[in-house]
Amino acid sequence: MNVSDILRESYVVNTNCGKIRGYKTKNEVISFKGIPYAEPPIKDLRFSPPVPKKNWENILDAKEFGPIAPQPAVSFNPSVKLPEQSEADCLTLNVWTPALDDNKRTVMFWIHGGAFEMGSGRYAGETLAKRGDVVIVSVNYRLGALGFLYVPGKTANVGLLDQVLALKWVKNNINNFGGEEKNICVFGESAGGESISALLAMPLAKGLFKRAIIQSCVCDPYNLKPVKGELYSKKVFEIVDVNYDDLGSLREVPFEKLIRAYTKAQVGLSHLPMIIDYYPPYVDGETLPLNPFEAIKKGFVKDIDILAGTTENEHKLWNLWDPKADRITEEQVNQKFHDFLKYLKQDERKIKEFIKVYKNNSNNEFSTKERDMMDEFFTDVMFRIPVMRYLEIQSKIQPNVYLYLFKWKSPWLKGKLGSYHGLDVAFVWGTLSETEEQYVTKRTEETSLISNQMMDYWIQFAKSGNPNHRGTLQWPRYNLKHRPTMIFDRITEVVNDPLSETRKLWDDVI
Numbered sequence: 074m075n076v077s078d079i080l081r082e083s084y085v086v087n088t089n090c091g092k093i094r095g096y097k098t099k100n101e102v103i104s105f106k107g108i109p110y111a112e113p114p115i116k117d118l119r120f121s122p123p124v125p126k127k128n129w130e131n132i133l134d135a136k137e138f139g140p141i142a143p144q145p146a147v148s149f150n151p152s153v154k155l156p157e158q159s160e161a162d163c164l165t166l167n168v169w170t171p172a173l174d175d176n177k178r179t180v181m182f183w184i185h186g187g188a189f190e191m192g193s194g195r196y197a198g199e200t201l202a203k204r205g206d207v208v209i210v211s212v213n214y215r216l217g218a219l220g221f222l223y224v225p226g227k228t229a230n231v232g233l234l235d236q237v238l239a240l241k242w243v244k245n246n247i248n249n250f251g252g253e254e255k256n257i258c259v260f261g262e263s264a265g266g267e268s269i270s271a272l273l274a275m276p277l278a279k280g281l282f283k284r285a286i287i288q289s290c291v292c293d294p295y296n297l298k299p300v301k302g303e304l305y306s307k308k309v310f311e312i313v314d315v316n317y318d319d320l321g322s323l324r325e326v327p328f329e330k331l332i333r334a335y336t337k338a339q340v341g342l343s344h345l346p347m348i349i350d351y352y353p354p355y356v357d358g359e360t361l362p363l364n365p366f367e368a369i370k371k372g373f374v375k376d377i378d379i380l381a382g383t384t385e386n387e388h389k390l391w392n393l394w395d396p397k398a399d400r401i402t403e404e405q406v407n408q409k410f411h412d413f414l415k416y417l418k419q420d421e422r423k424i425k426e427f428i429k430v431y432k433n434n435s436n437n438e439f440s441t442k443e444r445d446m447m448d449e450f451f452t453d454v455m456f457r458i459p460v461m462r463y464l465e466i467q468s469k470i471q472p473n474v475y476l477y478l479f480k481w482k483s484p485w486l487k488g489k490l491g492s493y494h495g496l497d498v499a500f501v502w503g504t505l506s507e508t509e510e511q512y513v514t515k516r517t518e519e520t521s522l523i524s525n526q527m528m529d530y531w532i533q534f535a536k537s538g539n540p541n542h543r544g545t546l547q548w549p550r551y552n553l554k555h556r557p558t559m560i561f562d563r564i565t566e567v568v569n570d571p572l573s574e575t576r577k578l579w580d581d582v583i
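What follows is the structure in structure tokens.
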């Protein structure tokens with residue numbers, strides 16, 4: 074293909090910062106990758122709220138993804154290398170659109186997961202954009218110490234502020250990409266879902282989106298205490314040998330050293346008797362004035378439609394990092410139950426009841442009963458129960474909420490991980506055969522059917538606030554009387570109050 078052919082297959086769009094050149098993908102969707110939405114967050118802008126990108130003069134070529142935000146090198150597959158990292162050039166977003174016209178398509182804005190320490194917006198959005206005739210946007214935001222260092226009165230939650238600025242960019246520019254700025258649905262998984270629940274509680278994000286799809290995580294009661302953030306931050310300062318709250322000196326520390334320090338600071342500092350060592354947003358009274366649960370109780374989210382859910386075996390993913398997982402003893406499991414529930418102010422009678430119920434419910438043929446007890450317990454406490462509580466509260470104020478449970482089990486590692494954390498992402502994006510790590514099975518008739526169903530429900534919800542459409546199983550709104558839940562598995566069905574026995578245990582606890 075010569076230069077003239079390439080230019081014919083490229084498309085130039087005006088934005089409020091300058092012109093951008095995008096390119097047509099194999100399925101006729103037009104992609105714009107690596108669009109900067111903020112000034113480089115370096116020097117005085119490190120640990121500071123993002124500054125909107127200044128105008129550029131020439132046409133910006135948007136053919137390739139931009140660098141990812143600095144992060145530790147963690148991968149399930151050691152042979153897969155991380156993309157280029159850059160502190161200066163990480164604040165970019167990507168757009169996929171079916172056409173550059175005036176059709177005013179729904180916009181789906183994706184916030185990636187990765188425990189606020191890893192990940193990026195490098196997804197393949199053309200399948201979802203094409204299937205739903207929607208505009209897809211994905212975003213990079215600052216991670217780890219660079220995004221979530223907490224020093225009272227000086228810096229907090231700048232990674233969330235990156236997301237807010239990116240949403241403002243979309244609001245101001247997406248009409249030029251065939252989208253509709255008044256019909257934006259945010260969706261995200263893990264830390265992305267948690268980010269969404271935080272954005273819903275942030276005055277700065279009000280009015281930037283209309284609907285929300287939360288996969289796996291919401292901001293929960295355990296991870297939002299400022300004291301925890303300050304404790305981690307003090308440890309980071311100590312490790313890099315900088316006086317606490319001296320942000321001027323900390324801005325001069327190489328980002329590689331900061332990433333190592335932030336990872337090292339986790340050791341032994343979890344405020345719970347369990348491992349929740351990622352760094353969530355903090356209720357600092359300014360960027361995030363209220364715990365998201367308090368915000369939703371007060372009706373801050375009354376105008377937002379919400380669809381949310383989890384996988385059935387979220388916590389099994391963590392077995393990959395624990396080679397001793399299957400050797401845990403009954404005594405050790407009971408002690409972990411005891412420590413955690415004591416933290417939640419439960420008496421001995423209640424603790425014994427928890428142990429009995431989870432012991433009776435553990436039945437995975439691929440691991441020990443003790444390991445299963447741990448996985449089910451922490452799946453519930455970290456993921457399933459907080460998400461359900463969030464929807465329960467919202468349903469009393471705004472009834473347009475929907476709950477799902479993803480139960481399809483991956484054959485990876487001979488099925489040992491079940492329907493683990495993050496497994497649903499490739500199904501939602503329609504990228505079963507493109508997952509580089511290959512821990513999602515390749516496309517088959519069965520997985521394609523589930524993926525198509527999920528894409529269609531997600532797309533329809535993003536468009537209208539109602540996931541139902543002609544030819545699909547009807548998905549009822551979530552309510553406290555019947556608790557209808559859409560089950561995604563080999564057979565897709567609606568089940569009232571699945572896993573009810575364990576769910577009821579938590580009713581008076583969380």
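Here our numbering is used: the first residue of the sequence shown is 74, the next is one more, and so on. All C-beta atoms, glycine included, are put in the ideal place defined by N, C-alpha and C. Only a predicted model underlies this, so the values are computations on that prediction, with no experimental measurement involved.
What is the residue span of the alpha helix (DSSP H) that residue i lies within?
| i | result |
| --- | --- |
| M528 | 518-537 |
| K241 | 231-246 |
| T200 | 199-205 |
| A391 | First, the residue type needs correcting, since residue 391 is Trp and not Ala in the sequence shown. It is not in any alpha helix (DSSP H) - W391 carries neither H nor E in the DSSP assignment. |
| F366 | 365-370 |
| S322 | 320-323 |
| A218 | 217-221 |
What residues are listed by DSSP as bridge partners for residue i?
| i | result |
| --- | --- |
| S159 | According to DSSP, S159 bridges with nothing at all. |
| M275 | Partner(s): none; M275 has no beta bridge. |
| C258 | M181, R284 |
| P114 | Answer is none; P114 lacks a bridge partner. |
| M559 | Y477, V567 |
| S483 | None, per the DSSP bridge assignment. |
| D134 | R94 |
| V85 | R94 |
| P125 | A111 |
| G593 | Residue 593 cannot be examined here, being either before or after the span of the chain that is shown, 74 to 583. |
| V498 | DSSP output for V498 lists no bridge partner at all. |
With DSSP run on the structure shown, which of helix, strand or coil describes residue i?
| i | result |
| --- | --- |
| Y96 | strand |
| G265 | helix |
| E509 | Caution is warranted here: a pLDDT of 46 is assigned to E509, below 50, making its placement in the model unreliable, and the coordinate value is therefore given only provisionally. In the structure shown, E509 sits in coil (DSSP, three-state: anything other than H, G, I, E or B). |
| K177 | coil |
| D570 | coil |
| N407 | helix |
| A381 | strand |
| N433 | helix |
| E101 | coil |
| T336 | helix |
| S468 | helix |
| T452 | helix |
| T228 | strand |
| E303 | helix |
| I141 | strand |
| K106 | strand |
| Y493 | coil |
| E73 | Residue numbering for the chain in the displayed model covers 74 to 583; residue 73 lies beyond these limits and cannot be assessed. |
| E190 | coil |
| F310 | helix |
| R457 | helix |
| F120 | coil |
| R462 | helix |
| F328 | helix |
| E426 | helix |
Roughly how far, in whole angstroms, is the beta-carbon of residue i from the beta-carbon of residue j, given that I think they are within contact range, below 8 Å?
| i | j | result |
| --- | --- | --- |
| D235 | L164 | 6 Å |
| T170 | F250 | 5 Å |
| V210 | F182 | 5 Å |
| G321 | Q288 | About 39 Å separates the two Cβ atoms, so there is no contact after all. |
| L166 | V212 | 4 Å |
Just tell me which of the options has its CA closest to the CA of residue i.
| i | options | result |
| --- | --- | --- |
| P123 | E130, A111, Y317 | A111 |
| Q306 | V291, L222, F250 | The residue you asked about is not Gln; residue 306 is Ser in the sequence shown. Comparing Cα-Cα distances from S306 to each of V291, L222, F250, the minimum goes to L222. |
| G252 | E387, R563, T179, M446 | T179 |
| I564 | N407, Y530, K480 | K480 |
| K469 | N552, R422, P396 | N552 |
| L390 | T360, H494, E303 | H494 |
| P109 | N128, K371, I103 | N128 |
| T228 | R195, N256, E303, A271 | E303 |
| A202 | N525, K432, P549 | N525 |
| H388 | R444, L363, D357 | R444 |
| D581 | F427, V86, T98, I286 | F427 |
Which residues bound the beta strand (DSSP E) around residue i?
| i | result |
| --- | --- |
| P549 | That residue, P549, is in no beta strand (DSSP E); it is neither H nor E in DSSP. |
| W169 | 165-170 |
| I209 | 208-212 |
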